[in-house]
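Residue numbers 56 to 116, in our numbering, belong to the letters of the sequence shown in order.
This report refers to the structure that appears directly beneath it.
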Amino acid sequence: MLLVTHDMGIVARLADDVAVMHAGKIVEYSNVNAIFNRPKQQITRNLLAAHLALYDLGLSV
Numbered sequence: 056m057l058l059v060t061h062d063m064g065i066v067a068r069l070a071d072d073v074a075v076m077h078a079g080k081i082v083e084y085s086n087v088n089a090i091f092n093r094p095k096q097q098i099t100r101n102l103l104a105a106h107l108a109l110y111d112l113g114l115s116v
């Protein structure tokens with residue numbers, strides 16, 4: 056199954072592997088645990104921070 060979304064909550068619940076895209080290119084690809092625990096790219100950190108902000112949680116970006 057291929058899922059395209061900005062909803063990181065859905066990603067956390069459904070995905071095994073994640074590809075993060077920016078400007079039409081894949082900039083980060085890893086398993087879901089690595090994406091959430093050790094994001095390498097700033098765009099990935101921004102997506103996670105935006106999701107956590109919905110719940111008044113923080114992430115250092």
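Glycine included, each C-beta is placed from N, C-alpha and C at the ideal position.
Fair warning: this is a prediction, and the values are worked out from it, not measured in the lab.
| query | result |
| --- | --- |
| One question on the structure: do M76 and L103 come within less than 7 Å of each other, judged by their Cβ atoms? | no |
| Going by DSSP, what residue range makes up the beta strand (DSSP E) through M76? | D72 to H77 |
| Could you please give the first and the last residue of the uninterrupted alpha helix (DSSP H) stretch that includes V87? | V87 to N92 |
| To the nearest angstrom, how far is it from the Cα of K80 to the Cα of A74? | 10 Å |
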